[in-house]
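Novice:
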Amino acid sequence: MNYKNAYVYTEDFTFQKGGFSVENGRFSHVLEEQPDAVDLQGAYVIPGLIDVHNHGNSGADFSDGDYDGLVKMAGYLASVGVTSFAPATMTLPYDVIEKALAAGLRLKKNRPEGTSRLLGVQMEGPFFSEKKKGAQNGAYLRNPDYAAFKRLYDGSEGLVRIVDVAPELEGAVEFVRQAKNDCTVSIAHTDADYDAAKAAIDAGVTHLTHLYNAMPPIHHRKPGVIGAASESGKVCAELICDGIHVHPSSIRMAFRLFGAEHMCLISDALRCCGMPDGEYMLGGQQVYLKDRVAKLADGTIAGAATNLYTCMQNVISYGISKEDAVRCATYNPAREVGALAEVGSISNGKLADFVICDEALNRKEVYLGGKKVV
């Protein structure tokens, strides 16, 4: 199939006028216009979005370890333009995490048509600080344990693409040195000071899970994790942009601190995403959703009820350029989970996952492998 007369978001992170083709489910002739092409009449075309921190939607949670629920999640994501994802586990017993990974591996190998691609998994927990556990279940917190992680990693055939750790915990630096050879290592749910964070970054951390949330705030005498990560030049920071977790000013600040090259938009969505107000479960704890805000019984914000596409649109409304927002929801996430060879940009040879939009990036149509989903 050939397309013409579009503003195509290219791998140099700009929109350029031209066309593209889809051959055997992959992009070809990007920015070229071939004969017998569909006229997109000046529409904008962006890569399918990639959410590398997503717990669930539609009443299903990845940590349930239920394949059918995971398929439901992947179907919803594809329908809203999130064509690839890396679901996140929770702080739970190892056998529960193992079951979730098994379901994830099954979906990765046998993805029903029209559902989002599972690129890998973010292992969010159990190597976290009690002080900053947030909505993680404190009963299952553990010190970093590379042997336990490696069993899960190997048992899932390397499905874990990001593993989280609090740098101040005993054994954290050695854990980073070992785990960095397997996947991306991220700082998360931490009370670490600047020195502890810097030691972990020097050891191999290159990712920061949900910037600002579940970590000490910036202080001029205590720069902490945020200071250490932002000055490193090699850490990519996740950012929840549901309009609840982080103030728009702090989002603009994050882009100034890290730059668009090192920002990764995420949803951190829970099973209540796409669902009505009510009571839901998260990692064995009750969550209450009201007016798009999900909280534990004690008032702790538990996660988001907003999909990544809406998060990207929010970022643009806060003053970040369309070009930067799209990069941080497509190319950067693909890089963080080691999937850039296949997805993350519109370039020759990559999987033809894309969204046709209007100039404001409102979705019109979603395609996976060149086939229309919605």
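Note that our numbering gives residue 151 to position 151 of the sequence shown, counting from 1, and the numbers run on in steps of one.
For glycine and all other residues, C-beta sits at the position ideal for the given N, C-alpha and C.
Got a sec, what are the start and stop residues for the alpha helix (DSSP H) residue 309 sits in?
Specialist: 308-317
Novice: In the region 282-359, which residue ranges form an unbroken alpha helix (DSSP H) of at least 4 residues, counting only runs that do not cross its ends?
Specialist: Assignment of alpha helix (DSSP H) within the region 282-359, counting only whole runs of 4 or more residues, yields 308-317, 322-329 and 331-336 in chain order.
Novice: Distance, Cα to Cα, residue 226 vs residue 154?
Specialist: 32 Å
Novice: Jot down the residue ranges of each uninterrupted alpha helix (DSSP H) in the region 152-183, minimum 4 residues, whole runs only, in chain order.
Specialist: 172-179
Novice: Are the Cβ atoms of residue 136 and residue 283 separated by less than 8 Å?
Specialist: yes
Novice: Please classify residue 359: is it buried, with 16 or more other beta-carbons within 10 angstroms of its beta-carbon, or exposed?
Specialist: exposed
Novice: Three-state secondary structure (DSSP) at residue 256?
Specialist: helix
Novice: With residue 67 and residue 357 assumed to form a contact (beta carbons below 8 Å), what rounded beta-carbon distance in angstroms separates them?
Specialist: Contact doesn't hold; Cβ gap of about 32 Å is too wide.
Novice: Taking a contact to mean a Cβ-Cβ separation below 8 Å, would you say residue 104 touches residue 70 in this structure?
Specialist: In this structure, residue 70 lies closer than 8 Å to residue 104 by Cβ.
Novice: Give the secondary structure of residue 75 by DSSP, where H, G and I count as helix, E and B as strand, and everything else as coil.
Specialist: helix
Novice: Applying the criterion that 16 or more other CB atoms from any shown protein chain within 10 Å of the CB defines a buried residue, is residue 249 buried or exposed?
Specialist: exposed
Novice: Where in the region 11-62 do unbroken runs of the beta strand (DSSP E), each at least 3 residues long, occur, reported from the N-terminal end onward?
Specialist: Taking only runs of at least 3 residues, the beta strand (DSSP E) segments lying wholly in the region 11-62 are 15-23, 26-28, 38-47 and 49-54.
Novice: Would DSSP call residue 87 helix, strand or coil?
Specialist: DSSP places residue 87 in strand when its eight states are reduced to three.
Novice: Evaluate residue 219 with the Cβ neighbour count: other Cβ atoms within 10 Å of its Cβ, from every protein chain shown; 16 or more gives buried, anything less gives exposed.
Specialist: exposed
Novice: Taking 7 Å as the limit between beta carbons, can you name the residues of its chain near residue 39, skipping five residues before and five after?
Specialist: Excluding residues within five positions, the ones whose Cβ falls inside 7 Å are 4 and 5.
Novice: Which residue marks the beginning of the alpha helix (DSSP H) containing residue 9, and which one marks its end?
Specialist: Here residue 9 belongs to no alpha helix (DSSP H); instead the beta strand (DSSP E) covers 2-9.
Novice: Quick check on the burial criterion: 16 or more other C-beta atoms within 10 angstroms. Buried or exposed for residue 327?
Specialist: buried
Novice: Helix, strand or coil: which one does DSSP assign to residue 244?
Specialist: coil
Novice: Which stretch, first to last residue, makes up the beta strand (DSSP E) that contains residue 364?
Specialist: 363-368
Novice: So, do the region 331-339 and the region 315-323 have three or more beta carbon pairs nearer to each other than 8 Å?
Specialist: The region 331-339 is not in contact with the region 315-323.
Novice: In the DSSP assignment, find the unbroken beta strand (DSSP E) run with residue 265 in it and report its ends.
Specialist: 263-266
Novice: Against chain D, does residue 153 count as a neighbour if the rule is that its beta carbon must be under 8 Å from one of theirs?
Specialist: Absent from the structure: chain D. Only one protein chain is present.
Novice: What does DSSP give as the partner residue(s) for residue 219 in the beta ladder?
Specialist: 222
Novice: Name the DSSP beta bridge partners of residue 207, please?
Specialist: Beta-bridge pairing links residue 207 to 186 and 236.
Novice: Relative to the C-alpha of residue 177, which residue among 190, 163 and 189 is closest?
Specialist: 163
Novice: Can you tell me whether residue 112 is buried or exposed, with buried defined as 16 or more other CB within 10 angstroms of its CB?
Specialist: Around the Cβ of residue 112, a 10 Å sphere holds fewer than 16 other Cβ atoms; the residue is exposed.
Novice: Roughly how far, in whole angstroms, is the beta-carbon of residue 235 from the beta-carbon of residue 206, given that I think they are within contact range, below 8 Å?
Specialist: Their Cβ separation, rounded to whole angstroms, is 6 Å, which keeps residue 235 and residue 206 in contact under 8 Å.
Novice: Once DSSP output is grouped into helix, strand and coil, what is the label at residue 372?
Specialist: Taken through DSSP and simplified to helix, strand or coil, residue 372 comes out as strand.
Novice: Pull up the CB-CB distance for residue 54 and residue 269, whole angstroms please, since I reckon it's below 8 Å.
Specialist: With a Cβ gap of about 5 Å, residue 54 and residue 269 count as contacting.
Novice: Put residue 279 into one of helix, strand or coil per three-state DSSP.
Specialist: Correct three-state label for residue 279: strand.
Novice: Check residue 101 in the structure and name its three-state DSSP category.
Specialist: helix
Novice: Quick one: using the 10 Å Cβ neighbour count with 16 as the cut-off for buried, is residue 133 buried or exposed?
Specialist: buried
Novice: Buried or exposed for residue 374, going by 16 or more other Cβ atoms inside 10 Å?
Specialist: exposed
Novice: Restricting to Cα atoms, I'd like to know which of 7, 25, 79 and 14 is closest to residue 324.
Specialist: Of the listed residues, the one whose Cα sits closest to residue 324 is 14.
Novice: Taking all protein chains shown into account, do 16 or more other C-beta atoms lie within 10 angstroms of the C-beta of residue 168, making it buried, or fewer, making it exposed?
Specialist: buried
Novice: What does residue 82 pair with, by DSSP beta-bridge criteria?
Specialist: Residue 82 is bridged by DSSP to 49.
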